[in-house]
Amino acid sequence: LAATPDISSDRLHIGDLAPGLGGLARIVGVAGLLAALLLSFKTGQESFFRGYLTGFLFWLSIALGAFFFVIVQHATKAGWSVTVRRIAENFSMGFGWLAVLALVIVLPMVFGFDAMHLLFPWTQPELVDETSSHYDAIIHGKSGYLNVPFFVIRMVAYFAVWIWLSNFFYNRSTRQDQSGDPKLTLEMQARSYPAIVLYAFTQTFLAFDLLMSLAPHWYSTMFGVYYFAGSTVGFFAVLAITMYWLQSAGRVERSITNEHYHDVGKWIFAFVVFWAYIAFSQYMLIWYANLPEETSYYIIRQQGPWLNLSLVLLFGHFFIPFLGLISRIPKRGRQTLLIGAVWVVVMHWCDVLWLVQPHVADHTSLVPAPFGLLDLLQALLCTAGVGGIYLWAVLRHTGAHALVAQRDPRLAESLAFENF
Amino acid sequence: MEPHATPQDETGVLRGYIAEFETPGQLIDAAREVREAGYARWDSHSPFPVHGIDSAMGIRMTILPWIVMAAGVTGCLTGLGLQWYANAVDSEAIGFIPTFLQGYNYLVSGKPYFSLPANIPVIFELTILFSALAAVFGMLVLNNLPWLYNPVFNSERFRRVTEDRFFISIDGRDPKFDASGTETFLASLGGLGVEGVIEFPSPAQPPLILRRVGLLATLVLLIPPAFIYKAWFAKTDKPRIHIVQDMDNQEKFRAQHATALFADHRAMRPPIDGTVARGEMNDDPHYNTGIVDNAFAPAMPLHKITVDAKLLQRGRERFNIYCAPCHGRTADGQGTVNIRGTQRGGGWVAPANLHDDQYRARPVGHIFNTISEGIRTMPPYGDIIPTEDRWAIVAYVRALQRSHYSTIDDVRPELRNSLRELTPLQPAEQE
Chain A
280 LAATPDISSD RLHIGDLAPG LGGLARIVGV AGLLAALLLS FKTGQESFFR GYLTGFLFWL
340 SIALGAFFFV IVQHATKAGW SVTVRRIAEN FSMGFGWLAV LALVIVLPMV FGFDAMHLLF
400 PWTQPELVDE TSSHYDAIIH GKSGYLNVPF FVIRMVAYFA VWIWLSNFFY NRSTRQDQSG
460 DPKLTLEMQA RSYPAIVLYA FTQTFLAFDL LMSLAPHWYS TMFGVYYFAG STVGFFAVLA
520 ITMYWLQSAG RVERSITNEH YHDVGKWIFA FVVFWAYIAF SQYMLIWYAN LPEETSYYII
580 RQQGPWLNLS LVLLFGHFFI PFLGLISRIP KRGRQTLLIG AVWVVVMHWC DVLWLVQPHV
640 ADHTSLVPAP FGLLDLLQAL LCTAGVGGIY LWAVLRHTGA HALVAQRDPR LAESLAFENF
Chain B
21 MEPHATPQDE TGVLRGYIAE FETPGQLIDA AREVREAGYA RWDSHSPFPV HGIDSAMGIR
81 MTILPWIVMA AGVTGCLTGL GLQWYANAVD SEAIGFIPTF LQGYNYLVSG KPYFSLPANI
141 PVIFELTILF SALAAVFGML VLNNLPWLYN PVFNSERFRR VTEDRFFISI DGRDPKFDAS
201 GTETFLASLG GLGVEGVIEF PSPAQPPLIL RRVGLLATLV LLIPPAFIYK AWFAKTDKPR
261 IHIVQDMDNQ EKFRAQHATA LFADHRAMRP PIDGTVARGE MNDDPHYNTG IVDNAFAPAM
321 PLHKITVDAK LLQRGRERFN IYCAPCHGRT ADGQGTVNIR GTQRGGGWVA PANLHDDQYR
381 ARPVGHIFNT ISEGIRTMPP YGDIIPTEDR WAIVAYVRAL QRSHYSTIDD VRPELRNSLR
441 ELTPLQPAEQ E
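Take a look at the structure:
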């Protein structure tokens, strides 16, 4: 039997790394958003909001993936993950600032900005006006769900649920650092099951509201699962990168072992396959039935630059990580897993870009609106901006407590854990 | 199970030694020493998988993943090749293959014969199937399983290996094996004890009762194939045995067959005298036939229907479905069927142009009656279009006739000027 690592000499606090990095993240965040705003004078409001939505949904997916990881570990009474669970808890604590950042989408919609009418066509009042020449019976039929007041109510509800639940698990987990009370573990376990149900509904409808309603004629009942699959892939890759970064900064060097890298690698691999499975299932059913109202979504993504991006996703988001991570050797090697994780995060960002950006200028047309390098720059600046503020919020929580749930009753199990 | 005989009771052959240990840690230490001593044919036994035993025993990484990978790739290519061959290969191009081995070239929903999206589910399933079977059977083969007998089972002590004890066994066929030396070596490892593995000579034949039951079972198993063999060649005038009955043979009425159930031998029962089907109480000649006092009604049956925009809309919709194919959407007799029929010639009876004076002069009851009963090659629509819809069509035909002869005086004065600026529509573009 291998000896259980002795972590008494491990540096379990991030210490002075957090404030400095947090300040840097905040500067990057504010500067990125300001630069994106300045660029919008050249590219126009619509490009700004699409770029902003790309960045926002990318970082929101990381937070959602992190929160999913936390509740699933409690629901399954997982022992192996105790030493990495706190990292996920910290990433799930960004929902508060993400809610503030969501106002950049919600408020312009409430005030009826023209760009929002272009982004979310269902917000145009003339489409649901039966006397208008632009009357659209399909959108009118969906207006019971797709209307601005209900949209705002739903957004408030989603973030309220996420902030409440992530705080619930974070507070109990960090309280256990002091008390070591095993009852807290049982309490979190009992609450994790209803939390999963709430998570499934809010996550699914968020994907419907912010992503699927960009093309309001189109629908896919499995769309929420698609966004979920991407968000888990993205988060596990971010988790692996964070583990590597913390250890290279001299933190938690013995708490996190090769076994944990191996398991996080398995999660990345599994959800890369799951993402491909969901993406292909959605694609094949639509391809096979060949119904005009369903194929429109893919037709615009099979033209111009979007065809190239679709192929990048097919190979980069599935075949390359699938073949690269199928063996245990790259999953157990820290550098190899880091390379894989960085690759997967970039691909996940491309996936969000692929979901948000391709659109038609006129919703009866099937030719995608042009997408230039400035639009790509806009999306990158917004991703940096939202990411800076989100990571600043995450780092504040990371600095407040230990990096490992140090008195979790399953800590010893996690340290002794070995893959066969 | 009765206790096994101990080595002292009978003369057996020494097949090796087992050493017993109390903890997995001792097992790992002992395994390391056995490996370092240079033994090759030996094994460890434990109630559960022990971490670190692989490296202690010097077991190399299994090649099973490579077998599974190879099987998976084979399955993938099999799925791809199967679908390509069965559905996409032009059978004439491979004419040297017998017909019953050629593919089908089914065209499904206008998809290409060979299209990857449709093939991926089968490729995926075969990849998984081949990989899973290779994993299970490869594991069995690599572990020499199933391995029903091992001389260590003769040891009473060894039974605790499924509960709480750990063992190392060294096979007597090991080149380094030496009866006394190996025993001393194992004892030096510090376990709970060492024991010889004794194999007792087994009888050359199975017991008599087993042989008899086996013979009997073989004979019984031969009976069904014998019957099948006989049936293959025998001739009979009896109907074939119908094993799965489902509902093939049951009492039922058959069309055009007599039945004994009723005195008149009719299976279908005629309605009772005086029966009126729902909605067929045709007691209003004007409404139902368009005839009043033996003459075609000059007026619509306004006591039953209201002529308004809604009725005209309905009439237009029905007219465009039932009448327009022949009469044309403007009722000028130039429907698509007529165009085609005229092209083909051959005694084609053209449908009426309803704007001719004789049809304009006809009373509405006459038009209604023609729709209901048909005329010349026009079939009757009385049983296809409900009565009210037929009147709606009549009203719409009247509207078409009226509009065909409309003048500028029919247009509201304030719209007349704008109307003059419009270019006239071609008939085909009209609604």
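Note that the protein sequences, when read in sequence, are chains A and B.
For any residue, its number in my numbering is found by taking its place in the first sequence, counting from 1, and adding 279.
For any residue, its number in my numbering is found by taking its place in the second sequence, counting from 1, and adding 20.
Ideal Cβ placement from N, Cα and C applies to all residues, glycine included.
Closest in C-alpha terms to Asn-314(B), from the list Pro-321(B), Leu-322(B), Pro-305(B), Asp-403(B), comes Pro-305(B). Val-217(B) has its alpha-carbon roughly 7 Å from the corresponding atom of Ser-175(B). Within chain B, no C-beta atom comes less than 7 Å from the C-beta of Met-501(A); the nearest is roughly 16 Å away.
Rounded to whole angstroms, the Cβ separation of Gly-385(B) and Ala-317(B) is 3 Å, and the two are in contact under 8 Å. Ala-419(B) has a beta carbon lying at 8 Å or more from every beta carbon in chain A. Here Ser-644(A) is exposed, its C-beta having fewer than 16 other C-beta atoms within 10 Å. In this structure, Glu-538(A) sits near Asn-698(A), with a CB-CB distance shorter than 8 Å. When the Cα atoms are used, Ala-519(A) and Leu-632(A) turn out to be separated by approximately 22 Å. Across the structure, Val-172(B) and Phe-157(B) are spaced so that their CA atoms are roughly 25 Å apart.
Exclusion of the five residues before and after Thr-94(B) leaves Phe-150 as the residues of its chain whose Cβ lies within less than 6 Å of its Cβ. By the Cβ neighbour-count rule, Asp-415(A) is buried, with 16 or more other Cβ atoms within 10 Å of its own. Interface with chain B (8 Å Cβ-Cβ cutoff): Tyr-562(A) is included. When the alpha-carbon of Ser-606(A) is set against those of Leu-162(B), His-71(B), Pro-85(B), the nearest one is in Pro-85(B). Counting only unbroken stretches of 4 or more residues, the alpha helix (DSSP H) elements lying wholly within the region 264-316 of chain B are 305-309, in sequence order.
Gly-373(A) sits away from Phe-514(A), with the two beta carbons spaced by 8 Å or more. Counted as a single uninterrupted DSSP element, the beta strand (DSSP E) harbouring His-65(B) occupies residues 62-65.
A direct Cα-Cα distance of roughly 10 Å separates Leu-659(A) from Val-665(A). Beta-bridge analysis with DSSP links Ala-39(B) to Ile-188(B), Val-214(B). Residue contact with chain B for Glu-697(A): present (Cβ-Cβ distance below 8 Å to some residue of chain B). Ala-283(B) counts as exposed, since fewer than 16 other C-beta atoms from the protein chains shown sit within 10 angstroms of its C-beta. Contact residues of the region 426-451 of chain A toward chain B are absent (C-beta to C-beta distance below 7 Å). By the Cβ criterion, the region 439-458 of chain A is not in contact with the region 379-391 of chain A, since fewer than three pairs of Cβ atoms, one from each stretch, lie closer than 8 Å. Contact annotation: Gly-678(A) and Pro-400(A) have beta-carbon atoms that are not nearer than 8 Å. Rounded to whole angstroms, the separation of the alpha carbons of Asn-450(A) and Arg-675(A) is 14 Å. Among the bridge pairs identified by DSSP, Glu-219(B) is matched with Val-33(B). For Gly-358(A), same chain residues with a beta-carbon under 6 Å away, outside a window of 5 residues either side, are Arg-689, Glu-692, Ser-693 in chain order. At a cut-off of 8 Å between C-beta atoms, Ser-129(B) counts as an interface residue with respect to chain A. Selection His-419(A), Gly-334(A), Ala-672(A) evaluated against Glu-409(A) yields His-419(A) as nearest (Cα-Cα).
The Cβ of Ile-140(B) sits closer than 8 Å to at least one Cβ of chain A. In the DSSP assignment, Tyr-472(A) falls within the unbroken alpha helix (DSSP H) covering 461-489.
Rounded to the nearest angstrom, the gap between the Cα atoms of Gly-308(A) and Ile-293(A) is 21 Å. Under the DSSP assignment, Ile-413(B) falls in the alpha helix (DSSP H) whose first and last residues are 407-424.
Not a single CB atom of chain B sits nearer than 8 Å to the CB of Trp-554(A). Identification of residues in the region 52-83 of chain B having a C-beta nearer than 7 Å to some C-beta of chain A yields Pro-69, His-71, Gly-72, given in sequence order. The continuous alpha helix (DSSP H) containing Leu-242(B) extends over residues 228-253. Within chain B, the residues placing a beta-carbon under 9 Å from that of Asn-569(A) are Ser-129, Gly-130, Lys-131, ordered along the chain.
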